[in-house]
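The structure appears below as structure tokens.
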Amino acid sequence: MVLNEEQKAMLEGEYGAGTAYAMKIQFAIGESFDAPRMVPITRAHVALSNQEADLWFAEKLLAGGAKCRVAPTVNPGFCYEYFTKRNMVAPEYADLMMRTHNAYKGLGAVLSYNCTPYTEMNIPKFGEICAYSESSATPYINSVWGARSNREGANSALCAAITGYVPEYGLLLSENRKGDILVHVEADMKDDSDYHYLGMCGKKIGEGIPVFSGLPKNISPAALTNLGAQLNTSGAYTMYHILGFTPEAQTLEAAFGGRKPKYEVVITNQDLKDGRDMVSEEGSRRIEFAMFGCPHFNLDQVRHIAKLVEGKKLAVPMYILVSSFTKEMADRMDLTGILNAAGAEVIPDTCPDQPCWHFLSGKYGVTESPKCAYYPKRREIHFVIRNLDECIEAAMSGEVK
Ligand code: F3S
Numbered sequence: 001m002v003l004n005e006e007q008k009a010m011l012e013g014e015y016g017a018g019t020a021y022a023m024k025i026q027f028a029i030g031e032s033f034d035a036p037r038m039v040p041i042t043r044a045h046v047a048l049s050n051q052e053a054d055l056w057f058a059e060k061l062l063a064g065g066a067k068c069r070v071a072p073t074v075n076p077g078f079c080y081e082y083f084t085k086r087n088m089v090a091p092e093y094a095d096l097m098m099r100t101h102n103a104y105k106g107l108g109a110v111l112s113y114n115c116t117p118y119t120e121m122n123i124p125k126f127g128e129i130c131a132y133s134e135s136s137a138t139p140y141i142n143s144v145w146g147a148r149s150n151r152e153g154a155n156s157a158l159c160a161a162i163t164g165y166v167p168e169y170g171l172l173l174s175e176n177r178k179g180d181i182l183v184h185v186e187a188d189m190k191d192d193s194d195y196h197y198l199g200m201c202g203k204k205i206g207e208g209i210p211v212f213s214g215l216p217k218n219i220s221p222a223a224l225t226n227l228g229a230q231l232n233t234s235g236a237y238t239m240y241h242i243l244g245f246t247p248e249a250q251t252l253e254a255a256f257g258g259r260k261p262k263y264e265v266v267i268t269n270q271d272l273k274d275g276r277d278m279v280s281e282e283g284s285r286r287i288e289f290a291m292f293g294c295p296h297f298n299l300d301q302v303r304h305i306a307k308l309v310e311g312k313k314l315a316v317p318m319y320i321l322v323s324s325f326t327k328e329m330a331d332r333m334d335l336t337g338i339l340n341a342a343g344a345e346v347i348p349d350t351c352p353d354q355p356c357w358h359f360l361s362g363k364y365g366v367t368e369s370p371k372c373a374y375y376p377k378r379r380e381i382h383f384v385i386r387n388l389d390e391c392i393e394a395a396m397s398g399e400v401k
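Structure representation (structure tokens):
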């Protein structure tokens, strides 16, 4: 890979040890993918995990004097204020969150703590070169916005934010963005939750860029978020197309670049059910809580729940995870008041895969998101998966039908 003068100076340490370390990693990635050169980015998103390895890496860069040239938004950890105020988190985990916060603050990141920045505060334009990590973020910006990002890891996205460059390979190149598999969706796509279950069909869809046909003309941002998040729970997809809907797939010809699909797949209602049940606990049963917002819920989704529970009492606690922006809007619109009165909490900055949820260990909850059910399994937190309205009903009765 050929570097320009500035990139060489970074690699040789003229911009400090932290930047040199970041460039060294990116140079190795570029070499391993046979990238001919590096190109500048204008946006980044770092899927920080608030775990020891991630913190070690961020603190190492910080100690080497690194500063982000392109300030990245960052993924959720947990809301320090909410969980420490209620004594819900052990001191060592509170300390971990504070150190993560300070490390990323020192590096100059935007402390957004949100995994759906592509709909609120970090929205790229068509064709913009970016470095995004996070399972729902990378497919969303590639597929829905037509921006260009490889499937960065949290660490490589942070390196890109520091150097301001990425190696040019993969989805940054037009020829690699064409569809491979034609996916005929014959299932009834009744609501946004069904896009979660469509995304869980990765095993049946197989490897490559899927082109979905047969989907409705209007697909909500939440549904598109769900689709990308679950495609990366059931497989590893950086991009998809929706025929006649996403910008690089207005026609079959454009979606496949004039080639024939490698093969075709049909997705039925049974496939959606199988996708959902792959990580769901068996229903019907009593539940002890409900959790939504993996990926983070937007204001429309919060408003939908508030409408259904207004004036009622939930049988079990409900946790709705959102960005701080959505939380602020929900507060202003008194949606938070309605939800709190019913027994639901709107919590910003927080992910289900965090140690703040240890108090739910051994319990059974309900969620509409397979990803929400998948990660907390390792903390012995169990979920039955149903669509959103069925989950809300279950939270009102304390039982999944
Ligand atoms: Fe977001 Fe955490 Fe789920 S990062 S998608 S809330 S696992």
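Note that my numbering has the sequence shown beginning at 1, numbered continuously upward. Note that the Cβ used here is the ideal one computed from N, Cα and C, for glycine as well. On a predicted model such as this, the values are computed, not experimentally measured, just so you know.
Backbone CA spacing between residue i and residue j [nearest angstrom]
i	j	result
HIS382	CYS391	14 Å
LEU243	GLY179	10 Å
ILE287	VAL400	7 Å
CYS201	PHE256	21 Å
PRO117	TYR169	24 Å
VAL166	ARG332	40 Å
PRO210	GLY13	42 Å
TYR140	GLY398	34 Å
GLU345	ALA330	11 Å
GLU52	HIS196	30 Å
GLY343	GLY64	47 Å
PRO376	TYR240	27 Å
ASP277	LEU62	43 Å
PHE57	ALA103	10 Å
VAL316	SER284	16 Å
GLU120	GLU281	33 Å
CYS294	THR225	10 Å
ALA71	VAL322	21 Å
GLN250	ASN142	15 Å
GLY106	TYR15	16 Å
ARG99	GLU264	48 Å
ILE129	ASN150	9 Å
Sequence-distant residues of the same chain with beta carbon closer than 7 Å to residue i, five excluded per side
i	result
ALA306	LEU335, ILE338 and LEU339
CYS79	ILE347, PRO348, ASP349 and THR350
CYS402	Examination of residue 402 is not possible in this model, given that the chain is present from 1 through 401 alone.
GLN97	According to the sequence displayed, residue 97 carries Met and not Gln. Same-chain partners within the cutoff: ASN50, GLY77, PHE78 and TYR80.
LYS327	VAL346 and PRO348
PRO247	PHE126 and GLY146
LEU272	ALA187, ASP194, TYR197 and LEU198
MET10	THR19, ALA20, MET23 and THR163
PHE371	This sequence places Lys at residue 371; Phe is not what is there. Closer than 7 Å at Cβ, skipping near neighbours: ALA229, GLN230, THR233 and CYS294.
Exposure of residue i, with buried meaning 16 or more beta-carbon neighbours within 10 Å
i	result
ASP188	exposed
GLU380	exposed
VAL2	exposed
ARG86	exposed
PHE292	buried
ASP54	buried
VAL309	buried
ASN218	exposed
GLN230	buried
ASN4	exposed
THR163	buried
GLN270	exposed
GLY228	buried
GLY362	exposed
ARG148	buried
ARG259	exposed
THR42	exposed
GLU152	buried
Own chain residues within Cβ distance below 6 Å of residue i, not counting five before or after
i	result
TYR82	ILE347
THR73	HIS45, VAL110, SER112, PRO117 and ASN122
VAL185	PHE212, GLY214, LEU215 and ILE267
ALA157	ALA44, VAL46, ALA131 and SER133
MET38	GLN7, TYR165 and PRO167
ALA94	THR84
HIS296	ASN114, CYS115, THR116, LEU321, VAL322 and SER323
GLY30	MET1 and PRO167
LEU299	THR326 and MET329
Residues of its chain near residue i, where Cβ-Cβ distance is below 8 Å and the 5 sequence neighbours each way are ignored
i	result
LYS60	GLY18 and TYR21
PHE33	PRO167, TYR169 and GLY170
SER324	SER112, TYR113, ASN114, PRO348 and ASP349
ALA254	GLU248
LYS203	SER234 and GLY235
Any non-hydrogen atom of ligand 2 within 7 Å of residue i CB
i	result
ALA344	In the structure shown, ligand 2 is absent; the only ligands present are ligand 1.
Kindly provide the chain-ordered list of residues whose Cβ lies closer than 7 Å to any non-hydrogen atom of ligand 1.
ALA47, ASN75, PRO76, CYS115, GLU134, SER135, SER136, ALA229, GLY293, CYS294, PRO295, HIS296, LEU321, CYS351, PRO352, ASP353, LYS371, CYS372 and TYR375
List in chain order: all unbroken alpha helix (DSSP H) runs of 4+ residues lying wholly within the segment 301-353.
324-332 and 335-342
Of all the beta strand (DSSP E) runs that stay within the bounds of the segment 124-168, which reach a length of 3 or more residues?
130-132 and 165-167
Could you pull out every unbroken beta strand (DSSP E) segment of at least 3 residues lying fully inside the segment 244-282, listed in chain order?
263-267
Can you check the segment 25-96 for any alpha helix (DSSP H) of at least 4 residues that lies completely inside it and give the ranges in chain order?
52-63 and 80-85
For the segment 203-249, which segments carrying the alpha helix (DSSP H) assignment without a break, of at least 4 residues, lie completely within its bounds, in sequence order?
221-234
As an exercise, report each continuous alpha helix (DSSP H) stretch of at least 4 residues that is fully enclosed by the segment 345-394, in chain order.
370-374
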